[in-house]
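**Q** Sending over a structure as structure tokens; questions will come in a sec.
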Amino acid sequence: MNFLPRISLRRKMKKVIPDTNVFLRFILNDLPRQADKAEQLFIKAKRGKTELYVPQIVIFEIQFVLDKYYGFSRLEIVGKLKTIISSTYLVVQDRAAFIKALDHYETGKIGFVDAFLIKLAEEEDAQMYSFDKGLSREYVNSV
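Residue numbering for the sequence shown is 0 to 142, as defined by numbering that gives the first Met the number 0.
If you want it as structure tokens, here you go:
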């Protein structure tokens, strides 16, 4: 019997949470040096050298900034977000709900946050309640 502790020779992968600006600089390429640094970070993640964790708030903020500050169309925003969310080298919080929400948001009938909440409720087998009269009764229950 061997009572010596096991020593792992594998290094633990570094976990990184990129903020919204990392994605925006890469998408917009408006600041080339920062866009290059963002690209290098994504390449490291693709190669398995680092784990990039993307919280919900970053996805929401990307959508908001592209819409309100840069005037991207819904179709353009959906394309950019689908690329991010479907990237296998990124760990996206609530990925499945976001993928479904983007399809719903693309129709133009409801906002992105509402689309996400509806799809998250479905994913979690939960009911959604709202005071928002603009949301169809087929999606939410009125409070």
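C-beta: ideal position from N, C-alpha, C; glycine also.
Scan the stretch 15-56 and note each continuous alpha helix (DSSP H) run of 4 residues or more that stays entirely inside, going in chain order.
**A** 19-27, 31-45
**Q** Beta carbon of K14, beta carbon of Y52: below 8 Å?
**A** What you label residue 14 is simply residue 15 of the sequence shown in a count that begins at 1. What you label residue 52 is simply residue 53 of the sequence shown in a count that begins at 1. Yes. Within cutoff.
**Q** Closest to K99 by C-alpha separation, out of R32, F115, A125, would be which residue?
**A** Position 100 of the sequence shown holds residue 99. Residue F115 is the option with its Cα nearest to K99.
**Q** Which of helix, strand or coil does DSSP assign to D13?
**A** Position 14 of the sequence shown, counting from 1, holds the residue named residue 13. The sequence as given places Lys at residue 13; Asp does not occur at that position. Looking at K13 - three-state DSSP - the assignment turns out to be strand.
**Q** Looking at C-beta atoms only, is the number of pairs between the stretch 39-56 and the stretch 64-82 that lie closer than 8 Å three or more?
**A** no
**Q** Could you check what DSSP says for Y128 in three-state terms: helix, strand or coil?
**A** Looking up residue 128 in the sequence shown gives position 129. In the three-state DSSP reduction, Y128 falls in the strand class (E or B).
**Q** By Cβ distance, which residues of its chain are closer than 7 Å to D93, with the 5 residues on each side in sequence left out?
**A** Within the sequence shown, numbered from 1, the residue matching residue 93 stands at position 94. Once the five neighbours on either side are set aside, the close Cβ partners of D93 are Q55, L119.
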